[in-house]
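First the structure, in the form of structure tokens, and then the observations on it.
Chains as they are written, first to last, in the numbering used here: chain F, 576 to 961; chain C, -10 to 390.
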């Protein structure tokens, strides 16, 4: 009976990296002033903030002038979609498998959604069909790497579709999960706005950036002192930005090695589950290795005949932290809108399990998971699914 | 030391010690021993001395908060769970995120784990859809009873079993009483809060797994304990009415969205039109107001609702009385009983004497009509011995002289 925690929910929030903690502590120690002030202490804080901005932009291959610090991915996504709609009006379009931080603003504005294919991706054809049928599209948002399934979208191809069928529209991507797994610079080269957050890459929760290409008309969603070039009011979080930047740097520098290492662990995990559970395991996406169309660290499966909520309870009780679909605000498991958009039957989707690896994951984590998960699944199968 | 001081001393500090060994049952449960719902031998009258962990259904109200506290105090390994049943709007004090927060914070205070189970699909299928269908058929359902039948004491129990819990507990004001014939539901000590009526459907198998820690307490005592423990739910108002029907928009809006409500004619027993209603599906047997009747006559009451012909039949107070109430279903808790029983037709209604024979209630004294869809619960003494749902068989209703 394992007693320590096996954390396989890095896609929800990962362990804060040592470099990030050190950067946060150093910034907090060094900077107490408001970075928008005029005195020397303020200028010093402002320098630290802009150093962080420069570093993050460099790591993602964008111009630092594009970077708007936010409170996280959700705020960045909201600013992109709602900021454009507020400034330009028109119709918003996103995929049906977006994170709720994009989906809700789009649906709230009576926007349009594009379905996913069985691999969880948005096909250029599906996007083109939607854009051709829509009037006055002003913003299109397609997630770079899906947060539930790990499916990777072909952003350059989708950007081409937007240029062709909705030339007046801005193209946004939620790259919150992607930053850990893919080289963002080429992926987002033709994307107008990009959201990232710190806590998926080993930085603190509560940090985010929206990159906004120069010249884009965007209405701020938080009004106040005009910080962040008028795009986002509120005193900038200097220490958070420094810690975020340190985490992004570590992530990007180690990414080539990490995707190979974690891709191997992910395959070992999925293969082990299939070996032990046979046909009860329905791999949602058959991603292999590290160069596939699925993010290396995300193992998403469905367990036929099992209630995810019951399974998570049993796993949690034995120290294994995982998740199913997105949790609603009460903590209950809601049926996955991503799987629904992929055409996965609701009953099968009820058994979804996302095991996500991160920088602190070890082979021992995988071996322990392979000891814990199969007996729990078998127990539930004996009990009508739980 | 006075009683209050002693209790304060026992309860006042958060009970955190249980956190560490929590889930200790799980290794053996998963590895080998299979707890079964039917294999329980406990008599349920005491919350002390039961083996194994207890899953406590915590709604976020004061009753289930105190039930959980008492079980922790008695030394049980307790896990709290809140069922998320309804995804739509609610303003009636049930199923809201704030209630989940209350349940979680009470669990934190007690040092026990808390989980949320989403049984929304089950609730829609087993409670909401039948509620709507019943109204469409001119019946007056009791969704809280169906929620107990299908959710709390079936779905949750099956989940509990799958997770290795052989015992569940709720904060209902009723008792599980051991009898020679097996466990029975008994009335709670607080007559005004007694909830045995809504638990009437529980059979031996369920009662063998169930703890009701509040059965011997009054509501005042429950609130006193909650205040003593400084639980945030101590002064929380009672939940009211049906959780998925909002006070703001009501039954009419809810049903109107799901089924087309039809206007109906109101006729007297001779078939003469005497009034009209906007929505025949919202009319209930026994109803007196909102029937569009001319003033100046004796009071008239609804004695029948037929949505097929959109007809509501009214009669005098005398016409409202019957000797026989038809049942569309009936289940005895144990062996079928003959002879006179106390029969109760609403959650806190006054029981009346009668017999249950051939799917009918034969009242000793003429009894007010009971709306089809409502539950009749039979008691012998303080114990529930059976229950069923009232049907609509007008032709069998006759006056016994």
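Cβ coordinates follow ideal geometry from the N, Cα and C atoms, glycine included.
- Within the segment 629 to 667 of chain F, the runs of alpha helix (DSSP H) that reach at least 4 residues and sit entirely inside it are, in chain order, 648 to 663.
- Taking a 10 Å sphere around the C-beta of residue 789 of chain F, we find fewer than 16 other C-beta atoms and assign the residue as exposed.
- Of C/380, C/64, C/136 and C/379, the smallest CA-CA separation from residue 232 of chain C is found for C/136.
- Residue pairing by DSSP places residue 342 of chain C opposite C/331 in a beta bridge.
- Residues of chain C whose Cβ lies closer than 7 Å to the Cβ of residue 853 of chain F do not exist; the shortest such Cβ separation is about 19 Å.
- When only Cα atoms are considered, residue 937 of chain F and residue 869 of chain F end up about 20 Å apart.
- The three-state reading of DSSP puts residue 856 of chain F in strand, counting E and B together.
- Around the CB of residue 840 of chain F, 16 or more other CB atoms lie within 10 Å, so the residue is classed as buried.
- Along the segment 882 to 914 of chain F, the positions whose C-beta sits under 7 Å from a C-beta of chain C are 884, 885, 888, 889, 892, 893, 904, 905, 906, 907, 908 and 909, read in chain order.
- One Cα belongs to residue 810 of chain F, the other to residue 702 of chain F, and the distance between them is close to 38 Å.
- For a Cβ distance threshold of 7 Å, residue set 150 and 151 of chain C lies close to residue 958 of chain F, ordered along the chain.
- For residue 599 of chain F, DSSP records no beta bridge to any residue.
- Residue 711 of chain F is not a Cβ neighbour of residue 658 of chain F, given a cutoff of 7 Å.
- Around the CB of residue 237 of chain C, fewer than 16 other CB atoms lie within 10 Å, so the residue is classed as exposed.
- Beyond the five residues adjoining it in sequence on each side, residue 697 of chain F comes within less than 7 Å, by CB distance, of 670, 689, 691, 717, 728 and 733 in the same chain, given in chain order.
- Contact with chain F is found for residue 107 of chain C, since one of that chain's Cβ atoms lies less than 7 Å from the residue's Cβ.
- In the structure shown, residue 736 of chain F falls within a helical segment according to DSSP collapsed to helix, strand and coil.
- Exposure of residue 258 of chain C is indicated by the presence of fewer than 16 other C-beta atoms within 10 angstroms of its C-beta.
- Under a 10 Å Cβ-count criterion, residue 172 of chain C is classified as buried, with 16 or more other Cβ atoms of the shown protein chains found around its own Cβ.
- Distance from the Cα of residue 343 of chain C is smallest, within the candidate group C/182, C/352, C/56 and C/222, for C/352.
- Listed in chain order, the positions of the segment 131 to 147 of chain C with a beta carbon within less than 8 Å of a beta carbon of chain F are 147.
- For residue 955 of chain F, the nearest CB of chain C lies under 7 Å from its own CB, placing it at the interface with that chain.
- In terms of Cβ geometry, residue 355 of chain C and residue 310 of chain C form a close pair [threshold 7 Å].
- A straight line joining the alpha-carbon of residue 681 of chain F with that of residue 709 of chain F spans about 14 Å.
- At a cut-off of 7 Å between beta carbons, residue 225 of chain C makes no contact with chain F.
- Closest option to residue 109 of chain C, judged by alpha-carbon separation, among F/643, F/604 and F/884: F/884.
- Residue 102 of chain C has C/68 as its beta-bridge partners, per DSSP.
- Across the structure, residue 117 of chain C and residue 365 of chain C are spaced so that their CA atoms are roughly 21 Å apart.
- Shown here is that no member of the segment 54 to 69 of chain C has a Cβ falling below 8 Å from a Cβ of chain F.
- Looking at the DSSP output, residue 768 of chain F bridges to F/747 and F/787.
- For residue 48 of chain C, the closest of C/63, C/362 and C/106 by C-alpha to C-alpha distance is C/106.
- At least one CB of chain C lies nearer than 7 Å to the CB of residue 961 of chain F.
- Taking the C-beta atoms as reference points, residue 668 of chain F is found no nearer than 7 Å to residue 720 of chain F.
- Counting along the chain, residue 763 of chain F sits inside no alpha helix (DSSP H), nor does DSSP assign it H or E at all.
- Spatial neighbours of residue 650 of chain F in its own chain (CB-CB distance under 7 Å, excluding positions within 5 residues in sequence) are listed in chain order as 783.
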